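**Q** Protein chains in written order, with this note's numbering: chain A, 1 to 316; chain B, 1001 to 1269. For every residue, glycine included, the Cβ atom is placed at its ideal position computed from N, Cα and C. Keep in mind that this is a model prediction, so the values were computed, not measured. I'd like to ask you about the structure that follows.
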């Protein structure tokens, strides 16, 4: 067990380096000269003085070969120095830690809604298999799956903010403001959960041990809570991990629509403003968060399912 | 002990109704305490459906199931759950027979807890489980493992321990050994026979393998396409089959037997 966890953590190192390399390359090869942009931010009225530009280029080390530049940036990251924002001059790391809280809160709210909706509807769907209710639920899931989240967000703002005036449409003042964006995130991610829960329950219901439990004289409720639930937790955990990842990704759009001060909003505005250090740093951080969530889920498996424990042991 | 009277089971072909497919047609038999009826037939002839009907896991479309003289065809689920301690079933596939997430000990003991025979984790319960695993030939170390960590034969032994734990009056064994290799098969059958002498239960033993059925059954019934073609004392049916189907089945069995022998040396077409 320890061996597996250590193994996974060691495997993180090449992954993280790759993420850093990609984040850096994307910004490096994108058109535009960082020195010009920095110069413009520092001195908006300054025009384009070649001597000053050369000075800024030297300061940013733009004359160095690509790999040297990457190395400089990466060693900075490893020691916690992500550089400073061109636009504001604030350290990137500081901005990041200030904003990550909002993004995580939003994603977790979304995950909460997605799990509640997914498990409840999935259970109902499986319980009333092939009834009109099940068919209706399945149809709505398919429709819901094809609705883009930004459309759903605008639709919800129209209904709940503009018409009913229950929630504010923009900005963050209290945790209540996370409900609407969280619901949008959760809803657009719940379809897969509903389907998964339904399929899993039905699959388990047909397996031998459920018949065995019935022969033992357990009631259907006992069979569900003592036997089936234990067996469907693993796929649910898997999908929860995947959902959390896609929600952190999806939060990028939702944060922008609802004007939440998370990392998504900041990253988008940084890209728009060609704020190189912020863009690279946030891209990298996004990647690392996702890698860590996956690691966490992998480790969680070990505790939940004895079979995975053994398979993994056998592999090593 | 257990009696089936003109039991039939049919399903609608599709959701719009239409034709009904009959899986089991007018099957009747009776098994006395301490007796084994072997049910033999090809795959897909309705044996497993019949097994599920006999244990009332599914209800028959028509016909009656009588247990100890009482009609249990239509009794309520709650009452049926109480009956469960007298009627048990073993399934074919050992891999899915036990919940993969529950340790062997709890899988065996759960049934005693449900029927309130012993308190959970009491010393009586532990003693009983130990007795049972000794009968079926498992070691104590197997109890703390999960089904996935045991071989198919060991799981079937654990299933047998579970079946015997509540001293049932009627056991359905639905191809309990067809997924096991020959030596393990023989051991399981032997345990089943020995246990039957001690516990005196009625047994419906289902298999497509004539050799296996012959070894355990007092009487056998031959089933094809949902109908029981003939039944009688084991040796009589095997030695002088009355229907063409039974004859073909016997011939197949013996030719299979020779093919197996040939495979050791050279396969003869």
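What first and last residue would you give for the beta strand (DSSP E) that runs through residue 302/A?
**A** Not the beta strand (DSSP E): residue 302/A falls in the alpha helix (DSSP H), residues 276-304.
**Q** At a Cβ cut of 9 Å, what residues of the stretch 124-138 of chain A count as close to chain B, listed as they run along the chain?
**A** Listed in sequence order: 130.
**Q** Tell me the start and end of each unbroken beta strand (DSSP E) in the stretch 1033-1064 of chain B that is at least 3 residues and wholly inside, in chain order.
**A** As far as the stretch 1033-1064 of chain B is concerned, its whole beta strand (DSSP E) runs of at least 3 residues are 1036-1041.
**Q** Please go through the same chain and pick out, in chain order, the residues whose beta-carbon is closer than 7 Å to the beta-carbon of residue 191/A, but skip the five residues on each side of it.
**A** So the qualifying residues of the chain are 141, 144 and 145.
**Q** Using alpha carbons as the reference points, say which of 230/A, 273/A and 267/A lies closest to residue 287/A.
**A** Taking only the C-alpha atoms, the option nearest residue 287/A is 267/A.
**Q** Per DSSP, which one or two residues make a beta bridge with residue 1070/B?
**A** Note: residue 1070/B sits in a beta bridge opposite 1067/B.
**Q** Can you look up residue 2/A in the DSSP assignment and give me helix, strand or coil?
**A** Helix at residue 2/A.
**Q** Excluding sequence positions up to five away, which residues of its chain have a Cβ less than 7 Å from the Cβ of residue 261/A?
**A** Hits under 7 Å: 99, 102 and 172.
**Q** Using the beta-carbon count (16 or more within 10 Å), is residue 80/A buried or exposed?
**A** Per the 10 Å Cβ criterion, exposed.
**Q** Would you kindly work out how many angstroms separate the C-alpha atoms of residue 1090/B and residue 1148/B, rounded to a whole number?
**A** Near 18 Å, if we compare the C-alpha coordinates of residue 1148/B and residue 1090/B.
**Q** Among the residues of its own chain, which have a CB less than 7 Å from the CB of residue 239/A, if the five just before and after it don't count?
**A** These residues qualify, in order along the chain: 192, 193 and 196.
**Q** Taking only the alpha-carbon atoms, compute the straight-line gap between residue 88/A and residue 111/A and give it to the nearest angstrom.
**A** Using only the alpha carbons, I get a separation of about 33 Å.
**Q** Determine whether the Cβ of residue 1033/B lies closer than 9 Å to any Cβ atom of chain A.
**A** Residue 1033/B does not count as touching chain A.
**Q** Taking the alpha carbon of residue 121/A as the reference point, which residue from 130/A, 137/A and 106/A has its own alpha carbon closest?
**A** Selected option, being the one with the closest Cα: 137/A.
**Q** Classify residue 206/A as buried or exposed, calling it buried when 16 or more other Cβ atoms lie within 10 Å of its own Cβ.
**A** Result: exposed.
**Q** May I ask which residues mark the beginning and end of the beta strand (DSSP E) holding residue 1230/B?
**A** From DSSP, the beta strand (DSSP E) with residue 1230/B extends over 1227-1233.
**Q** Nearest-angstrom Cα distance between residue 330/A and residue 234/A?
**A** The structure shown does not extend to residue 330/A, since chain A spans only 1 to 316, so no value can be given for it.
**Q** Are residue 20/A and residue 74/A close, meaning C-beta to C-beta below 9 Å?
**A** Yes, they are a contact pair.
**Q** Where do the ends of the beta strand (DSSP E) carrying residue 1206/B lie?
**A** Unbroken beta strand (DSSP E) run through residue 1206/B: 1202-1207.
**Q** State the Cα-Cα distance for the pair residue 1187/B and residue 132/A, rounded to the nearest angstrom.
**A** About 50 Å.
**Q** Interface residues of chain B around residue 215/A at Cβ under 8 Å?
**A** Those within 8 Å of residue 215/A in chain B are 1055, 1057, 1084, 1087, 1088 and 1089.
**Q** Using a Cβ-Cβ cut-off of less than 7 Å, give me the residues of the stretch 218-237 of chain A that come near chain D, in sequence order.
**A** Absence of chain D from the displayed structure is noted, the protein chains being A and B.
**Q** Do we get a CB-CB distance below 9 Å when we pair residue 1098/B with the residues of chain A?
**A** True, the Cβ-Cβ gap to chain A drops below 9 Å.
**Q** Looking only at DSSP bridge pairs, what is residue 1163/B linked to?
**A** According to DSSP, which records beta bridges pairwise, residue 1163/B is partnered with nothing at all.
**Q** Span of the beta strand (DSSP E) holding residue 1174/B?
**A** Taken as a continuous stretch (DSSP letters only), the beta strand (DSSP E) holding residue 1174/B covers 1170-1174.
**Q** Whose Cβ in chain B lies nearer than 7 Å to the Cβ of residue 208/A?
**A** Under the 7 Å cutoff, chain B gives 1091, 1093, 1096 and 1097.
**Q** Looking only at DSSP bridge pairs, what is residue 1011/B linked to?
**A** 1021/B.
**Q** Which residues in chain B sit within 7 Å of residue 211/A, going by Cβ to Cβ distance?
**A** In chain order: 1057 and 1091.
**Q** Mind checking if residue 1078/B is an interface residue toward chain A, Cβ cutoff 9 Å exclusive?
**A** Chain A contact via Cβ: present.
**Q** Counting pairs of Cβ atoms below 8 Å between the stretch 1081-1089 of chain B and the stretch 1135-1145 of chain B, do you hit three or more?
**A** The stretch 1081-1089 of chain B, when compared against the stretch 1135-1145 of chain B, does not touch it at the 8 Å Cβ threshold.
**Q** Does the separation of the CB atoms of residue 1038/B and residue 1205/B fall below 9 Å?
**A** In contact: residue 1038/B and residue 1205/B (Cβ atoms closer than 9 Å).
**Q** In its own chain, which residues sit with a C-beta less than 7 Å from the C-beta of residue 1109/B, not counting the 5 before and 5 after it?
**A** The answer, listed in chain order, is 1125 and 1129.
**Q** Got a sec? Which residues, its chain only, sit under 7 Å from residue 1261/B by beta carbon, not counting five neighbours each side?
**A** Residue placement at residue 1261/B is flagged as unreliable, the pLDDT there being 43, under the threshold of 50; the coordinate-derived value follows with that caveat. For residue 1261/B, where only same-chain residues beyond five positions count, there are no Cβ hits under 7 Å.
**Q** Would you say residue 301/A lies against chain B (beta-carbon separation less than 9 Å)?
**A** With 9 Å as the cut-off, residue 301/A does not count as an interface residue toward chain B.
**Q** Compute the Euclidean distance between the alpha carbons of residue 1048/B and residue 1119/B, then round it to the nearest angstrom.
**A** If I take the Cα positions, the gap works out to 34 Å.
**Q** Please confirm whether residue 1287/B has its beta-carbon closer than 9 Å to some beta-carbon of chain A.
**A** Here chain B has residues from 1001 to 1269 only, and residue 1287/B is not among them.
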